[in-house]
Amino acid sequence: MPHLQITGLQNAYSALKRCANYALLASLDNQLLELVRHLLASNKDPVFLLSEHVEVFFESENNTLLFSLFEQGLLHPFHLHHDANLAKNLHFSRGVIQELKQYKELRNSTLILHLDSELLVPLTEAQLTKKLGFYRDLSIAKNVTVIFLISGSRISDVRRQFLALNTLFDGQIFITQEASIRTLEYDYWSHKNGVIAGHSINCELLQGQLSVFDAHLEESNEQTSSQQGLDEDEVWLVKHALPQGTKLPLSYKIVEDNNALYKLGLTKKAATLVFSVTRYTDLSALAGECFSLRKQCGRKLKLVIQNVDGIIRHQDECLFLTLGVNLILYSFSEPSRLQSQIQSIQGFQFSRPLPNSIDEVLKYSENVLTKGYLPINKFVEQVAKHSDSAANLGVSGVLVMLQLLPRIDAIHPLHLFHVKREGDIFSFADDYIYLYLHACREHDVESAIKHLFKLEISDFFMSKNVIADHFYIQQECRHLQRRYTNVDVPDYTEQLKENVSYVFDAKTADISSLNKETPEFKKVIRPISKPVKVTLKGEQI
28 MPHLQITGLQ NAYSALKRCA NYALLASLDN QLLELVRHLL ASNKDPVFLL
78 SEHVEVFFES ENNTLLFSLF EQGLLHPFHL HHDANLAKNL HFSRGVIQEL
128 KQYKELRNST LILHLDSELL VPLTEAQLTK KLGFYRDLSI AKNVTVIFLI
178 SGSRISDVRR QFLALNTLFD GQIFITQEAS IRTLEYDYWS HKNGVIAGHS
228 INCELLQGQL SVFDAHLEES NEQTSSQQGL DEDEVWLVKH ALPQGTKLPL
278 SYKIVEDNNA LYKLGLTKKA ATLVFSVTRY TDLSALAGEC FSLRKQCGRK
328 LKLVIQNVDG IIRHQDECLF LTLGVNLILY SFSEPSRLQS QIQSIQGFQF
378 SRPLPNSIDE VLKYSENVLT KGYLPINKFV EQVAKHSDSA ANLGVSGVLV
428 MLQLLPRIDA IHPLHLFHVK REGDIFSFAD DYIYLYLHAC REHDVESAIK
478 HLFKLEISDF FMSKNVIADH FYIQQECRHL QRRYTNVDVP DYTEQLKENV
528 SYVFDAKTAD ISSLNKETPE FKKVIRPISK PVKVTLKGEQ I
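Here it is, written out as structure tokens:
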């Protein structure tokens, strides 16, 4: 009998029965692939895998298990073709099931069906009931465990549809992700002793293995913090967070720097700590200190980051919020405004799930090393990698597709792209320039392109398409990969190798061999100016 081999997960939450239907829902395919690997880890029975993009399962990380099952003859993958016209008449489900029944291995097997949420949302309740009913009948007739894997941008709509049809399923899990934390929301789950409903379990991916959090530490922190709330009104600030000489209420205290505030914070339980960020602040180190405070002091402690004169980018914001910070003040505020913002979070508790280790989070934040032009196949590979890393950190990313005007040679606009940030990469194929902006929100695309491309976009391109959802970015990457694999596409790497005029040369110039007698070094001595007496017309001196 299949079950989820997640470290620390109780049997009631992990077992899947034969002759039963289950639904696993997530916005990204990667989140479902992780569960599939844990589902098949100890599988000894035949598995039928149906998907429109079945290659995704074999191209993902840690795919050795799937190849091993395939070589043993236990895994039977099928590429699922979808016809919108047939789907309306329900031949889509009926035809697939009739084909599967021809395999004798189907009895007592596991059937995994991977679908896009876009295929299910347009169906009416009656159509969906009939479609799912075919699979329900199949599971009963052949003693099959049927598992629906649903992903896509409309996954929340599918969740509501499936909840209304809960008699057709024996369990439903909705997967959410807050940076590196995966939360399994059990809407309901049948097991041998009853039914679980409305439970959530936080998991973290450690070295390819999902593990349940140790809840005892969280519970002990909650109990301790609830018993010690005497410092609730205390606000401790680094002196650089406010203009010098600012008069503060009696509950506001000043400390010298972030290090002093960190040491003080270890003794607090519900106070508010305001750290300052300048251009000299090590943001990773400060994030680590905030994480330590949150872990040790509990969820009632309020952590605030005040940006004084530093630059807190989108990726830094996500890092701080993931590691326990309550509030980020992006600009230097007036004292009265600062007090109002601090007052707005009084009495609150930090509610987001925390990772067990900061190392896993920093691994994703440091996973951006490429920038500039890449050939299309390397570009697609890097975008998929960056997008996955960004999703795990909670960072946004956008893929921009710019279509060239007719008779424009691609090398000319490519020369005009000057990329400075790591993670910003671009490529060219079939009259399109593809640009991926890492750690960029959709409404910041126009501003970002103006910094990267010095001339008007309309002078070179006839259209612009922006993809901001990680699901669609990864879907487009798979499309480009299939299209340009083993296809000869122009490579402009050599022509763009010298396109680094924006790079500042940090080497000190060698002036030892310069001739001081040349005109540019000649010292010019001018006479000292003399005062000139000026008499205005009509004045008498």
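Note that the numbering used here has the sequence shown beginning at 28, numbered continuously upward. The C-beta atom is built at its ideal place from N, Cα and C for all residues, glycine as well. Since the structure is predicted, the reported quantities are computational estimates derived from the model, not experimental observations.
#1: Should Asn353 be labelled buried (16 or more other beta-carbon atoms within 10 Å of its own) or exposed?
#2: Helix, strand or coil for Leu328, going by three-state DSSP, please let me know.
#3: Can the beta-carbon of Thr137 be found less than 8 Å from the beta-carbon of Asp72?
#4: What runs of the alpha helix (DSSP H), each 4 residues or longer, lie entirely inside the stretch 315 to 383?
#5: Alpha carbon to alpha carbon, how far is Ala495 from Ser474? Give it in angstroms, no decimals.
#6: Going by DSSP, what residue range makes up the beta strand (DSSP E) through Asn285?
#7: On the criterion of 16 or more Cβ atoms from any shown chain inside 10 Å, does Asn116 qualify as buried, or is it exposed?
#8: Where does the unbroken alpha helix (DSSP H) through Glu10 begin, and where does it stop?
#9: Determine the contact status of Leu176 and Leu59, defining contact as a CB-CB distance below 8 Å.
#10: Would you list the residues sitting across from Lys491 in a DSSP beta bridge?
#11: Looking at C-alpha atoms only, which residue of Ser69, His442, Val427 and Asp260 is the closest neighbour of Asp471?
#12: Closest to Tyr463 by CA distance: which of Gly399, His65 and Tyr511 is it?
#13: Taking 8 Å as the cut-off, does the stretch 139 to 157 touch the stretch 85 to 101 (at least 3 CB pairs, one atom from each stretch)?
#14: Consult DSSP for Lys115 and reduce its assignment to one of helix, strand or coil.
#15: Run the CB neighbour count on Tyr391, radius 10 Å, all protein chains shown included, and call it buried at 16 or more, exposed below.
#16: Roughly how many angstroms separate the alpha carbons of Glu283 and Lys266, rounded to a whole number?
#17: Label Gln502 either buried or exposed according to how many other C-beta atoms from any shown protein chain fall within 10 Å of its C-beta, with 16 as the threshold for buried.
#18: Let me make sure I understand the geometry here. Which of Gln342, Val516, Arg340 and Leu348 has the alpha-carbon closest to that of Leu330?
#19: If we count the other Cβ atoms within 10 Å of its Cβ and call it buried at 16 or more, is Ile332 buried or exposed?
#20: Report all residues from its chain with a CB closer than 6 Å to the CB of Leu410; omit the five preceding and five following residues, and keep chain order.
#21: If you check the beta carbons only, do Tyr162 and Asn70 fall under 8 Å apart?
#22: So Ile182 is in the alpha helix (DSSP H); what residue range does that whole segment cover?
#23: To the nearest angstrom, report how far apart Arg468 and Phe318 are at their CA atoms.
#24: Could you tell me which of His218, Asp415 and Ile182 sits nearest to Phe201, measuring between CA atoms?
#25: Evaluate Phe406 with the Cβ neighbour count: other Cβ atoms within 10 Å of its Cβ, from every protein chain shown; 16 or more gives buried, anything less gives exposed.
#26: Select from Ile174, Thr194 and Glu132 the residue whose C-alpha is nearest the C-alpha of Leu66.
#27: With a threshold of 6 Å on Cβ separation, who are the neighbours of Ser303 within its own chain once the five nearest residues in sequence on each side are excluded?
#28: Starting from Gln271, follow its DSSP beta bridges and name the residues at the other end.
#29: When the Cα of Leu233 is compared with those of Val301, Ala50 and Asn89, which residue comes out closest?
#30: Mind checking who Ser227 pairs with in its DSSP beta bridge?
#31: Quick check on the burial criterion: 16 or more other C-beta atoms within 10 angstroms. Buried or exposed for Arg553?
#32: Beta-carbon within less than 6 Å of His341's beta-carbon, same chain only, minus the 5 sequence neighbours each way: which residues are those?
#33: With a CB to CB cut of under 7 Å and the five nearest residues on each side skipped, what residues in its chain are close to Leu62?
#34: Hey, how far is the Cα of Val148 from the Cα of Thr305?
#35: Over the uninterrupted beta strand (DSSP E) stretch that includes Leu140, give me the two end residues.
#36: Quick check: what's the CA-CA separation for Leu431 versus Leu443?
According to the structure shown:
#1: Residue numbering aside, residue 353 sits at position 326 when the sequence shown is read from its first letter. So Asn353 counts as buried.
#2: On the sequence shown, position 301 is the one that residue 328 refers to. Looking at Leu328 - three-state DSSP - the assignment turns out to be coil, as it is neither helix nor strand.
#3: Residue mapping note: residue 137 aligns to position 110 of the sequence shown, counting from 1. Residue mapping note: residue 72 aligns to position 45 of the sequence shown, counting from 1. Contact flag set, yes.
#4: 341 to 349 and 362 to 370
#5: By one-based count along the sequence shown, residue 474 stands at place 447. By one-based count along the sequence shown, residue 495 stands at place 468. Roughly 15 Å between the two C-alpha positions.
#6: For the purposes of this step, residue 285 is identified with residue 258 of the sequence shown, where counting begins at 1. Per DSSP, Asn285 belongs to no beta strand (DSSP E); it is in the alpha helix (DSSP H), Asn285 to Gly292.
#7: As a working mapping, residue 116 is identified with position 89 in the sequence shown. Residue placement at Asn116 cannot be trusted, given a pLDDT of 49 that sits under 50; the coordinates are not used to answer.
#8: Residue 10 lies beyond the stretch modelled for the chain, which goes from 28 to 568, so this question has no answer here.
#9: Your numbering for residue 176 matches position 149 in the sequence shown. Your numbering for residue 59 matches position 32 in the sequence shown. For Leu176 and Leu59, yes; Cβs fall inside 8 Å.
#10: The residue given as residue 491 occupies position 464 in the sequence shown. Paired residues: Leu429.
#11: For the purposes of this step, residue 471 is identified with residue 444 of the sequence shown, where counting begins at 1. Selected option, being the one with the closest Cα: Val427.
#12: Numbered from 1 along the sequence shown, position 436 holds the residue referred to as residue 463. Of the listed residues, the one whose Cα sits closest to Tyr463 is Gly399.
#13: no
#14: Numbered from its first residue, the sequence shown carries residue 115 at position 88. Per-residue confidence for Lys115 stands at a pLDDT of 49, beneath the threshold of 50, marking its modelled position as unreliable; the derived number appears in the next sentence. Three-state DSSP puts Lys115 in a helix.
#15: Locating residue 391 in the sequence shown gives position 364, where the first residue counts as 1. Result: buried.
#16: To locate residue 283, count along the sequence shown from 1; it is residue 256. To locate residue 266, count along the sequence shown from 1; it is residue 239. Cα to Cα, the separation comes out at about 6 Å.
#17: One-based indexing of the sequence shown puts residue 502 at position 475. Its Cβ being crowded by 16 or more others within 10 Å, Gln502 is buried.
#18: Against the sequence shown, residue 330 aligns to sequence position 303. Comparing Cα-Cα distances from Leu330 to each of Gln342, Val516, Arg340 and Leu348, the minimum goes to Leu348.
#19: Counting from 1 along the sequence shown, the entry for residue 332 is found at position 305. Counting Cβ neighbours within 10 Å, Ile332 comes out buried, since at least 16 surround it.
#20: Counting from 1 along the sequence shown, the entry for residue 410 is found at position 383. Position check: residue 410 holds Val in this sequence, whereas Leu was assumed. The residues are Tyr463 and Cys504.
#21: What you label residue 162 is simply residue 135 of the sequence shown in a count that begins at 1. What you label residue 70 is simply residue 43 of the sequence shown in a count that begins at 1. Cβ atoms of Tyr162 and Asn70: not closer than 8 Å.
#22: As a first step, residue 182 must be located in the sequence shown, where it is residue number 155. Run containing Ile182: Ile182 to Ala191, per the alpha helix (DSSP H) assignment.
#23: Here the question's residue 468 lines up with position 441 in the sequence shown. Here the question's residue 318 lines up with position 291 in the sequence shown. Taking the straight line joining both Cα atoms gives about 25 Å.
#24: Residue 201 sits at position 174 when you count from the first residue of the sequence shown. If we check each option's Cα against that of Phe201, Ile182 comes out closest.
#25: Along the sequence shown, one-based indexing puts residue 406 at 379. Classification of Phe406: buried, given that the 10 Å Cβ count is 16 or more.
#26: Here the question's residue 66 lines up with position 39 in the sequence shown. When each option's Cα is compared against that of Leu66, the closest is Ile174.
#27: Here residue 303 refers to the residue found at position 276 when the sequence shown is read from its first residue. Same-chain partners within the cutoff: Val265, His267, Ala268, Gln333 and Val335.
#28: As a working note, residue 271 is residue 244 in the sequence shown. In DSSP, Gln271 forms no bridge with anything.
#29: If you number the sequence shown from 1, residue 233 lands on position 206. Of Val301, Ala50 and Asn89, the residue nearest in Cα terms is Asn89.
#30: On the sequence shown, position 200 is the one that residue 227 refers to. DSSP output for Ser227 lists Glu212 as bridge partner(s).
#31: Here residue 553 is taken as the residue at index 526 of the sequence shown, counted from 1. So Arg553 counts as exposed.
#32: What you label residue 341 is simply residue 314 of the sequence shown in a count that begins at 1. Cβ neighbours of His341 beyond the five flanking positions: Ala466.
#33: As a working note, residue 62 is residue 35 in the sequence shown. Only Leu31 and Leu51 meet the Cβ criterion.
#34: By one-based count along the sequence shown, residue 148 stands at place 121. By one-based count along the sequence shown, residue 305 stands at place 278. About 48 Å.
#35: If you number the sequence shown from 1, residue 140 lands on position 113. That run of the beta strand (DSSP E) goes Thr137 to Asp143.
#36: The sequence position of residue 431 within the sequence shown is 404, counting from 1. The sequence position of residue 443 within the sequence shown is 416, counting from 1. If you take the alpha carbons of Leu431 and Leu443, they lie about 14 Å apart.
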